[in-house]
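Single-structure report; data block below.
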């Protein structure tokens, strides 16, 4: 019996388990999946918790329920991965020898890497990238009467790179609904040169933050938090004062990746951006945030990677050339408040373009424009995630590769 | 008065070179001056050369972390060599595109 091992039972790991359970002969292959947590959170829901739109219990299910019966599920931490020996050791010292390995260990926040960030942690400094952080922020905002509200992104890449923008726009909506918007100053401090960096996005969305009276501090590279003075300080000594700080801390891959000597300085694993095979080990493939492919770390990307990854693994198993090619496709909703959202669809080569998605004309979703339909699409997506995406099923008319169908090409926009 | 070398080269509204093939070391010196760096020392050049190599290999401007890891200097040192937003500054001087996110 051969062993197909998956590390991580989040979005990517669950999808791979479901696909491989169908594809691999149970007489020939054992499929094992390992994860340290028993509960699966729908991470796009974290954004809504601080604003009371979801509660943590609305967006969680037991992992075991989402995995096929033939897959052996082990709940334990991973101590060491030894890809030269095709072996993984778990915290309880159990070892698993594998024939093929898929790493789906994801990306995490590391607040301890920024000096001073923990000083007011979950008191006046919050994250919303964990259920606990998002829930604490919800409690805090229930009674907060206003002041300087700063969101800071520590460093890129982060998972869900549009979440900071969504958060600020939802905050504007939230404080308006509460009737205290005029008592709140909203500031977004980012290391990027602007809130929007792609040419077409910048042209089409630049006014959105200004209309919502959100101040942007670009090129802010945070060095430390001074919670006594209540400022964040950058490497060039610029200070941005806050009353409450929402931080997207440094994002890195899992510690075990570092421990195993498999990652770069952010613990992300060098991955072939086309085949999704490890750059170093032939029988190791990477899906989702754990890799270093040059597209966004997002759930939609994982979905679009899936079919390509599975096809390539099956080809490799048969000694055939891997022909499936991932194009970096990502598709992300950006909540803009007031029951509206923007949708963007892009890949390695093509930046987000306006138009309709997935069908030309009919849509129903609008690319690079706000619409109520987009917002309902984002909310409806939760059902699609649990019932379709995680099972490895396809969404009709939405393909792994980004399509230009429905999109307006760039020269048309510049000349219009 | 704009230095002669710069007038022949086209820049976008933010000061990034449009035709990257026009880059020369002399041009880098002029762009650096415009960016407030009067002299490019050996340390500056080590970083510029590293960034150009990364740009050629990956098609993208390196991140601050790519630079500090690749060269072996601290973030503070990098900021002292290229004050106020080194990622963007070095990208301009090295004739690379500006650092971008996904949106």
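Residue numbers (my numbering), protein chains in the order written: chain A, 4 to 419; chain B, 135 to 237. Cβ coordinates follow ideal geometry from the N, Cα and C atoms, glycine included. A quick note: this is a predicted structure, and the numbers were derived from the prediction, not measured.
1) Tell me whether residue 318 of chain A sits in a helix, a strand or coil according to DSSP, three-state version.
2) What is the DSSP secondary structure of residue 32 of chain A, reduced to helix, strand or coil?
3) According to the Cβ coordinates, are residue 286 of chain A and residue 319 of chain A closer than 9 Å?
4) Buried or exposed for residue 206 of chain B, please, with buried defined as at least 16 other CB atoms from any protein chain shown within 10 angstroms of its CB.
5) Would the beta-carbon of residue 150 of chain A fall within 9 Å of that of residue 116 of chain A?
6) What are the boundary residues of the alpha helix (DSSP H) that includes residue 262 of chain A?
7) By DSSP's criteria, residue 346 of chain A is part of a beta bridge. Which residues make up the other side?
8) With 16 other CB atoms within 10 Å as the buried threshold, where does residue 201 of chain A fall?
9) Using a 10 Å radius around the Cβ and a threshold of 16 neighbouring Cβ atoms, would you call residue 374 of chain A buried or exposed?
10) Contact criterion: CB-CB distance below 9 Å. Does residue 222 of chain A meet it with respect to chain B?
11) Taking CB distances under 9 Å as the criterion, tell me whether residue 198 of chain B reaches chain A.
12) Between the alpha carbons of residue 289 of chain A and residue 90 of chain A, how many angstroms are there, rounded?
13) Say whether chain B places a C-beta atom closer than 9 Å to the C-beta of residue 418 of chain A.
14) Is the separation between the beta-carbon of residue 165 of chain A and that of residue 391 of chain A shorter than 9 Å?
15) In angstroms, rounded to a whole number, what distance separates the CA positions of residue 109 of chain A and residue 142 of chain B?
16) Find the residues of chain B that neighbour residue 200 of chain A, judging by a C-beta separation of less than 9 Å, and give them in chain order.
17) For the alpha helix (DSSP H) containing residue 21 of chain A, list its first residue and its last residue.
18) Can you check whether the CB of residue 293 of chain A is closer than 9 Å to the CB of residue 335 of chain A?
19) Taking only beta-carbon positions, decide if residue 145 of chain B is within less than 9 Å of chain A.
20) In terms of DSSP beta bridges, what is residue 459 of chain A paired with?
21) If you reduce the DSSP assignment to three classes, tell me which class residue 147 of chain A lands in.
22) Quick check: is the beta carbon of residue 219 of chain B nearer than 9 Å to any beta carbon in chain A?
23) Whose C-alpha, out of A:88, A:104, A:79 and A:328, is nearest the C-alpha of residue 95 of chain A?
24) Starting from the C-beta of residue 418 of chain A, find all residues in its chain whose C-beta is less than 6 Å away, skip the five residues before and the five after it, and write them out in chain order.
25) For residue 57 of chain A, which option in A:260, A:46 and A:262 has the closest C-alpha, if you only look at C-alpha atoms?
26) Within the present structure, is the beta-carbon of residue 23 of chain A separated from the nearest heavy atom of the ligand COA by less than 8 Å?
Answer, in terms of the structure:
1) Helix, per DSSP.
2) Residue 32 of chain A falls in the strand class under three-state DSSP.
3) Cβ atoms of residue 286 of chain A and residue 319 of chain A: closer than 9 Å.
4) A residue is called buried when at least 16 other Cβ atoms come within 10 angstroms of its Cβ; residue 206 of chain B does not meet this threshold and is exposed.
5) One thing to note: residue 150 of chain A has its Cβ no nearer than 9 Å to the Cβ of residue 116 of chain A.
6) 258-262 is the span of the alpha helix (DSSP H), which, as asked, contains residue 262 of chain A.
7) Partner(s): A:336 and A:370.
8) Classification for residue 201 of chain A: buried.
9) With 16 or more Cβ atoms within 10 Å of its Cβ, residue 374 of chain A is classed as buried.
10) Taking Cβ atoms only, chain B reaches closer than 9 Å to residue 222 of chain A, which makes this a yes.
11) Judged by the 9 Å Cβ criterion, residue 198 of chain B is in contact with chain A.
12) Straight-line spacing of the CA atoms in residue 289 of chain A and residue 90 of chain A works out to 16 Å.
13) Bear in mind that the predicted position of residue 418 of chain A carries a pLDDT of just 44, short of 50, making it too unreliable to give a figure here.
14) No.
15) Each residue's alpha carbon lies about 48 Å from the other.
16) Chain B residues near residue 200 of chain A: 232, 233, 234, 235, 236 and 237.
17) Segment 14-26, the alpha helix (DSSP H) holding residue 21 of chain A.
18) Against a cut-off of 9 Å, the Cβ pair of residue 293 of chain A and residue 335 of chain A comes out as no contact.
19) It does not: the Cβ of residue 145 of chain B has no partner Cβ on chain A nearer than 9 Å.
20) Here chain A has residues from 4 to 419 only, and residue 459 of chain A is not among them.
21) Three-state result, residue 147 of chain A: coil.
22) Closer than 9 Å to some Cβ of chain A, the Cβ of residue 219 of chain B qualifies, so yes.
23) The shortest C-alpha separation from residue 95 of chain A is found at A:79.
24) Here the model assigns residue 418 of chain A a pLDDT of 44, short of 50, so the residue's position is not dependable and the matter cannot be decided.
25) For the residues A:260, A:46 and A:262, the minimum Cα distance to residue 57 of chain A belongs to A:46.
26) Within the structure as shown, the ligand COA is missing, as the structure has no ligands at all.
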